[in-house]
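Colleague: This is the structure, below, for whatever I ask next.
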Amino acid sequence: MEKSSQLSVESKVRRILRTPAAAEYLGLAPCTLEKRRLTGDGPRFVRLGGRAVGYDVGDLDAWLDQQRGESTVANSGPRDAA
Numbered sequence: 002m003e004k005s006s007q008l009s010v011e012s013k014v015r016r017i018l019r020t021p022a023a024a025e026y027l028g029l030a031p032c033t034l035e036k037r038r039l040t041g042d043g044p045r046f047v048r049l050g051g052r053a054v055g056y057d058v059g060d061l062d063a064w065l066d067q068q069r070g071e072s073t074v075a076n077s078g079p080r081d082a083a
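Take the sequence shown: its letter number 32 is residue 33 in the numbering used here, and every next letter is one higher.
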């Protein structure tokens, strides 16, 4: 196989993690990742057959990037004096 063809094939290889490994990668409990999958606010996933699902590492990284925040304060505007 030519070197350029080999690089092309290698760049298309995807690393898929099952739920326990994906949860560990994200620093979440597996049940938390499962709940987020059910509510639609977790990372993208792929159906592997039957009830099995997996997560592409690239999708996990993208989801983590979307979770970045500047503050944990819900409303950082001025407070009313009551």
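Cβ atoms here follow ideal geometry from the backbone N, Cα and C, with glycine treated the same way.
So, at 6 Å on beta carbons, what are the nonlocal neighbours of Val58 in its own chain, with the 5 sequence-adjacent residues on each side left out?
Modeller: One-based indexing of the sequence shown puts residue 58 at position 57. Result list for Val58: Arg16, in chain order.
Colleague: Can you tell me the Cα-Cα spacing of Thr73 and Tyr26, whole angstroms?
Modeller: Your numbering for residue 73 matches position 72 in the sequence shown. Your numbering for residue 26 matches position 25 in the sequence shown. Going by the C-alpha atoms only, they are around 22 Å apart.
Colleague: Residues in its own chain within less than 8 Å of Ala30 by CB, not counting five upstream and five downstream?
Modeller: Numbered from its first residue, the sequence shown carries residue 30 at position 29. Here the set comprises Ala24.
Colleague: Check each candidate in Arg69, Asp62, Ala22 and name the one with the smallest Cα separation from Pro44.
Modeller: As a first step, residue 44 must be located in the sequence shown, where it is residue number 43. Of the candidates Arg69, Asp62, Ala22, the one whose C-alpha sits nearest the C-alpha of Pro44 is Asp62.
Colleague: Any idea what DSSP makes of Arg38, helix, strand or coil?
Modeller: The count along the sequence shown starts at 1 and reaches residue 38 at position 37. Arg38: helix per DSSP, three-state reduction.
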